[in-house]
Amino acid sequence: MGAPEQLQKLLQQNGLDQAEVTVSFCNTEYWAATNWFVLSEVVGQEGVKLYPEPMVEWSAAGLPMDNVPGRLKWAWLNTKQWFANTF
């Protein structure tokens with residue numbers, strides 16, 4: 025299995041391949057661009073968008089700050105993956 029297939033499998037295992045649109049963002053723009061490139065160009069996932077500004081600008085404008093999956097779900101997914109890989 026090559027790297028793109030492994031990445032696609034990780035997305036599927038964590039339920040992150042179900043979104044119609046995925047927006048990649050971060051505080052400094054660096055990781056957002058990396059995430060966008062991997063999801064869009066390496067894996068070939070459809071509907072991946074890049075928010076090209078830092079989150080400081082977005083939040084300063086008073087725009088919504090929803091994050092999917094939320095922190096609790098993200099922690100749960102990581103915990104499930106850890107158990108699956110450990111035992």
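The opening residue of the sequence shown carries number 25 in the numbering used here; numbering runs sequentially from there. Here a beta-carbon is modelled for each residue, glycine too, at the ideal position from N, C-alpha and C. Computed from a predicted model, the values in this text were never measured in an experiment.
What's the gap between the Cα of residue i and the Cα of residue j?
i: K73; j: S48; result: 6 Å
i: T36; j: E65; result: Residue 36 is actually Gln in this sequence, not Thr. Going from the Cα of Q36 to the Cα of E65 covers about 17 Å.
i: G68; j: D41; result: 11 Å
i: D14; j: P28; result: Given that the chain is displayed from residue 25 to residue 111, the structure contains no residue 14 and the question cannot be resolved.
i: L87; j: F107; result: 36 Å
i: W98; j: A85; result: 26 Å
i: E70; j: E81; result: 26 Å
i: L31; j: T58; result: 14 Å
i: K104; j: G26; result: 24 Å
i: G39; j: K33; result: 10 Å
i: E53; j: L96; result: 24 Å
i: A43; j: T110; result: 28 Å
Among the options, which has the Cα closest to the Cα of residue i?
i: P78; options: G39, G26, W106, N51; result: N51
i: V45; options: T110, K97, Y75; result: Y75
In the DSSP output, what is residue i paired with across the bridge?
i: V72; result: T46
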